[in-house]
Amino acid sequence: MSDSTDIDYDVVVIGGGGAGLAAAVTAAENGASVLLFEAMKELGGSTALSAGLFTAAGTSVQRELGIEDSAEKYFQHYMDLNQWMLAPGLIRTFCENAAPTLEWLIDLGVEIPAKVSGNAHQPGLSQAGVEDVWRGHVPKDQGYGLVQVLDAARRRHGIEVVLDTRVQALLTENGRVVGVIADDVELRAGAVVVASGGFAQDPTFVDKHYPVANKAGESLFVVAADGSRGDHLRFADAVDASITGDGWGLMLPTVYFQRYHHWQSGFPPKSRVYVNAAGRRFMDEDASYAVSTGIIDHQGGSAWIVFDENARVNLPVGYADWAADRVAEEAEAGRTLRADSLDELATLMQVPAHTLKATVARWNENLPNGEDPDFLRHRTLANKGSTADPDPIDRGPFYAARILPAELVCTHAGLEIDQNAAVLDTDGVPIPGLFAAGEAGAGVLGLRYVGGGNAVANALTMGRIAGRTAARVKSTAAALPI
3 MSDSTDIDYD VVVIGGGGAG LAAAVTAAEN GASVLLFEAM KELGGSTALS
53 AGLFTAAGTS VQRELGIEDS AEKYFQHYMD LNQWMLAPGL IRTFCENAAP
103 TLEWLIDLGV EIPAKVSGNA HQPGLSQAGV EDVWRGHVPK DQGYGLVQVL
153 DAARRRHGIE VVLDTRVQAL LTENGRVVGV IADDVELRAG AVVVASGGFA
203 QDPTFVDKHY PVANKAGESL FVVAADGSRG DHLRFADAVD ASITGDGWGL
253 MLPTVYFQRY HHWQSGFPPK SRVYVNAAGR RFMDEDASYA VSTGIIDHQG
303 GSAWIVFDEN ARVNLPVGYA DWAADRVAEE AEAGRTLRAD SLDELATLMQ
353 VPAHTLKATV ARWNENLPNG EDPDFLRHRT LANKGSTADP DPIDRGPFYA
403 ARILPAELVC THAGLEIDQN AAVLDTDGVP IPGLFAAGEA GAGVLGLRYV
453 GGGNAVANAL TMGRIAGRTA ARVKSTAAAL PI
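Take 3 as the starting number for the sequence shown in our numbering and just add one per residue.
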C-alpha cells in the first residue's frame, strides 16, 4: 500500500464477502481501479458459509419453468411482510435490481438449473419463504461456489486483495470520505464501499443493537462468519452516519441443544408436533423461518417439540445434534424430557394431560393420512418434495424438548443507505464518497426476513449498486483536496 497523499485507487472496498466482491467486480466493470480489504485470511464471509440461496423475481430460471413473476409483485410482498416499515424507494430499487443481479451472476458462471428444488441445498428454484410464487434460486455448489465465481471475476479484472487486514478508520476531509486507514497507513480513494458484514460475532454490539438474541441464553449460537464484528458500526460516529435497523435480525428456531447450522446439526424428525404452554399445537412445524420465529415469540418465546421413540431411533446418522444417541444423552441428563406415556410427559412439561393427548390424537388423525386441515403442513411438506407422510406419534417412550429462536444468522442494524447505496448522515443526507452494502448497509433487511436467500440477494444486489455508483465518483477523484 502507498503512504502517498495522491489518489491511490478509484474505489476501496472494505470486506471480501458476497457484498464486497460484487461491489469490487462491478466497480471494475465500470472502469474503476479497485482495492479490496478483507479482515480474515480468506474471502467469502458469511456468503461462503450459506446455501447461496438468492431471492429474485422475473428471472430466466422462473420463465423456463413457466412461472410468471415481476419485481412489482416481489416489492408488494416484501413491503407487506415488513408491515411497510422500510423505505419504499430503497426496497423498490432492490426488488427491481435483484433479477438483473442474478442474471449477471449466471453470465459470470453461476449455475442455477431450471428445475424445481425442494430445499436450499438442491440446485434449482425453491420456495424461499411464504411467497405464493417461488423465488428462491439455489445455485450449484452453494454459497462457496457462488463466492468462487465472484472471485474468479475479481481475478480477471486484476483487483488487488489485502487479506488478514482490518481497516481501522475512514479517512475524511471537508466532510467527504477520501480513503481509509489500515495498518496505520493512509490510503486515499475516490470512494469507499463498506461491505464488512454484520456484528453477530461481537457480543457488545449484539447487546446494544440486537438484544433480543440474548433471550436464548445458553442456547444461543452464532453461524455468521468470524469476521462479522461490526466494523461498519465503528465507522459511524466519525462521519455522523445514521444507524438504522436496531432490534432487527434473523434468529432461527432450534432445539435448545443445537450448536451448529442444520447441515451439521441435522434436522428434527418429520413426526413431531410443536405445542405451547397450554399443551396445544399452534403452528405448521415446517413453517418458513420468514415467519416461524415470530410465531414462537408470540407463544412466550419458546415452545415444546414432542416426538416419540420411533422418531428418535430413525434419525439419520452422521449429524452432530439431531442424532439418536445425542437425544438419548440429553434425556438421560434430564434436559430433554422423556416418559413412557403422554400423561407422564404432560406432568413433566407442566401442561394439562388431557390437552396434550388431544393434541397428539388430532395430529395422528391427520398428518399420517396426508392432510392437515388446521395448519396446512401437508402443503409445506409437498413444497419441500416430501412424498412420504409422517408416521404417527404413538410409540413410547415420548420426548419433549424446548424449541426457541437461538440460532443467530445475521443482523440487520447498520449504516443507513439510500437507493444508490449511499450512506446517509443523521440528517438523511448522503455522505460524499461513502457507500455500503450487505449487512453493513442497512435498510433492505427488515423486521421480517422475507425468506431463504434474502441476505444473499441483498448483499449481491446492493453490493453491485454500491460498486456502480462508487465507480462514478472516480471522475471527480482527481479534483479531491490533497
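We put the beta carbon where it would ideally sit given N, CA and C, even for glycine. Nothing here was measured: the structure is a model prediction, and the numbers come from that model.
In the DSSP assignment, Gly126 falls within the unbroken beta strand (DSSP E) covering 126-128.
A Cβ-Cβ contact shorter than 7 Å links Ala292 with Val452. As the crow flies, the alpha-carbon of Ser35 is around 5 Å from that of Tyr11.
Contact between Thr206 and Pro255 does not hold, since the beta-carbon distance rounds to 25 Å and is not under 8 Å. By a beta-carbon distance limit of 8 Å, Ile297 does not contact Val169. Their separation comes to about 40 Å. Spanning the alpha carbons of Gln64 and Gly91 requires a straight line of approximately 25 Å. C-alpha of Ile467 to C-alpha of Arg474: approximately 11 Å in a straight line. The beta carbon of Gly18 sits closer than 6 Å to the beta carbons of Leu38, Glu40, Leu45 from its chain, once the five residues preceding and following it are set aside; these are given in chain order. Leu369 and Asp396 do not touch by the CB rule: their CB atoms are close to 12 Å apart, not below 8 Å.
If you look at Trp306, you'll find it in the beta strand (DSSP E) that goes 305-310. Here the alpha carbons of Val319 and Val353 stand approximately 32 Å from one another. In this structure, the CA atom of Pro125 is about 15 Å from the CA atom of Asn385. Counting other Cβ atoms within 10 Å of its Cβ, Asn460 reaches 16 or more and is therefore classed as buried.
A contact between stretches requires three or more CB pairs, one per stretch, nearer than 8 Å, and the segment 257-264 fails this requirement with the segment 67-76. The segment 233-253 and the segment 412-428 touch, with three or more beta-carbon pairs separated by less than 8 Å. Collapsing the DSSP output to three states places Thr61 in coil. In the DSSP assignment, the residues bridged to Cys412 are Leu252. Relative to Val14, the option among Val196, Glu220, Asn176, Gly131 whose CA is nearest is Val196. When the five nearest sequence neighbours on each side are left out, the beta carbons in the same chain lying within less than 7 Å of the beta carbon of Ala423 are those of Phe437, Ala438, Ala439, Gly443, Met464, Ile467, Ala468, Thr471, in order along the chain. Taking a contact as a CB-CB distance under 8 Å, the pair Phe201 and Thr413 counts as one, their CB atoms being some 5 Å apart. Taking C-beta separations shorter than 7 Å and ignoring five residues to either side along the sequence, the partners of Ser230 in its chain run Ser48, Gly199, Gly200, Phe201, Ala202, Gln203, following chain order. For Pro102, no beta strand (DSSP E) segment is defined; the enclosing uninterrupted segment is the alpha helix (DSSP H) at 90-110.
Judged by their CB atoms, Gly454 and Leu55 are nearer to each other than the 7 Å cut-off.
Judged by their CB atoms, Val149 and Ala50 are nearer to each other than the 7 Å cut-off.
For the pair Ser52 and Leu339, the Cα-to-Cα distance works out to about 32 Å.
Taking the Cβ atoms as the reference, Ala59 lies roughly 7 Å from Cys97, within the contact range of under 8 Å.
Taking a cut-off of 8 Å for Cβ pairs, the segment 302-321 and the segment 259-278 touch, as three or more such pairs fall below it.
Between Arg379 and Asp299, the C-beta gap is not smaller than 7 Å, which leaves the two residues out of contact. As the crow flies, the alpha-carbon of Ala333 is around 32 Å from that of Gly120. The residues Leu344, Asp345, Ala348, in chain order, have a CB closer than 8 Å to that of Lys359 in the same chain once the five nearest residues on each side in sequence are set aside. Where Val179 is concerned, the enclosing beta strand (DSSP E) starts and stops at 178-184. Minimum Cα-Cα distance from Asp327 among the listed residues Ser290, Gly268, Arg156, Ala280 corresponds to Gly268.
DSSP places Pro370 in the helix class (H, G or I) of the three-state scheme. CA-CA distance, Asp429 to Ala240, rounds to 15 Å. Here Asp342 is not near Gly281, since their CB atoms are 7 Å or more apart.
A distance below 7 Å separates the beta carbons of Val180 and Leu173.
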